Amino acid sequence: MTTENILPGMLDNSIEYFNHEEDVFVLKNGKVTPFEQMEHPDLQIIIDTDDKLKKVLSSMCNGNKFKMLKKLAKCRFGALNFEPDFKGNEINHEFIECQNRDKCIGCNIVCKPPIINGEQSSYEELQIMRELCSNDKNSAIASNLGYKQGTFNVLKTKIYNKFNLITKQQLTKTLMRGGVL
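Each residue of the sequence shown is one higher than the last, beginning at 83 in our numbering.
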C-alpha cells in the first residue's frame with residue numbers, strides 16, 4: 083500500500099513558503115508564485131507584534147521592509163513539508179538547516195527551533211533523534227555523537243519521554259512529517 087502526501091497549498095488556500103536555491107516561493111491555491119509577486123500580510127503581522135524580532139530583522143536587512151518579510155519567510159517558514167505555514171489562524175514555523183546556526187544574530191529569534199509533538203526541541207535533541215532514525219545500533223550512535231553509552235541511553239529515554247515517542251518507526255515518521263529528517 084502506498085501513501086500519497088499532498089503538499090499544503092496544492093488543493094486549498096493554505097500557504098506554504100519554501101526556499102529554492104537563493105529564492106523564496108509561495109505555494110497557495112495550487113500555484114507556485116515567487117515571493118516578490120504576492121502580498122504577505124501574515125508575515126507583517128508577525129513582525130509588527132514582536133518587537134525583538136522587528137529589531138533584529140531591521141538590523142539584518144538595514145530597515146528594508148520587503149527584505150525583512152523575505153528574511154522571515156526564508157528563515158522561519160522556508161522548509162517544504164506537509165504542514166502548512168499558514169492555515170486560517172494557525173501558524174506553523176519550521177526548522178531550517180542553516181550554516182550560520184549559533185553564529186547569526188537572528189538565531190532562535192528569526193528562525194525557531196523545531197517543535198516535535200508539541201514540544202520545543204534543542205539542536206542536540208534533534209541530532210540524536212535523526213541518528214536514532216538510522217540503521218545504526220545505539221552503541222555506534224553514541225560513539226558517533228561523542229557520548230558514553232550510559233549517558234546516551236539516559237538522553238534517549240528522556241527524548242522519547244519528552245516527545246511522547248514509543249518506537250523508532252514512530253520517531254522516523256514524526257520527523258519525516260515535520261520536515262526535519
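Positions of the beta carbon are idealized from the N, C-alpha and C atoms, including for glycine. This structure is a prediction, so every number in the text was calculated from the model and none was measured.
Item, Value
"Would you give the residue range spanned by the alpha helix (DSSP H) that L154 belongs to?", "K147 to F159"
"Beta-carbon within less than 7 Å of I198's beta-carbon, same chain only, minus the 5 sequence neighbours each way: which residues are those?", "F245, T256 and G260"
"Are G160 and E176 closer than 8 Å when you measure CB to CB?", "yes"
"Return the residue from the list K136, K238 and L253 that minimises the CA-CA distance to L275.", "Since the first residue shown for the chain is 83 and the last is 263, residue 275 is missing from the structure and cannot be characterised."
"Would L214 be called buried (16 or more neighbouring beta carbons within 10 Å of its own) or exposed?", "buried"
"Output needed for C143: all residues of its chain with C-beta closer than 7 Å, excluding positions within five of it in sequence on either side, in chain order.", "K149, M150 and K153"
"Would you list the one or two residues that DSSP bridges to D105?", "H102"
"Quick check on F164: buried or exposed, where buried means 16 or more other Cβ atoms within 10 Å of its Cβ?", "exposed"
"Which word fits I248, buried or exposed, when buried means at least 16 other C-beta atoms lie within 10 angstroms of its C-beta?", "exposed"
"Do N217 and F234 have their CB atoms nearer than 8 Å?", "no"
"Where DSSP assigns a beta bridge to F168, which residues make up the other side?", "I97 and I173"
"Assuming contact is defined by CB atoms lying nearer than 8 Å, are K113 and N95 in contact in what I supplied?", "no"
"Using alpha carbons as the reference points, say which of I191, G170 and M92 lies closest to D133.", "I191"
"Is M131 helix, strand or coil when you go by DSSP?", "Reading the sequence as shown, one finds Thr at residue 131 and not Met. DSSP places T131 in coil when its eight states are reduced to three."
"Which same chain residues end up closer than 6 Å to T115 when comparing Cβ atoms and leaving out the 5 residues on each side of it in sequence?", "V108"
"Name the DSSP beta bridge partners of Q231, please?", "For Q231, which the question treats as bridged, DSSP gives no partner whatsoever."
"Can you tell me which of the three DSSP states I178 falls into?", "coil"
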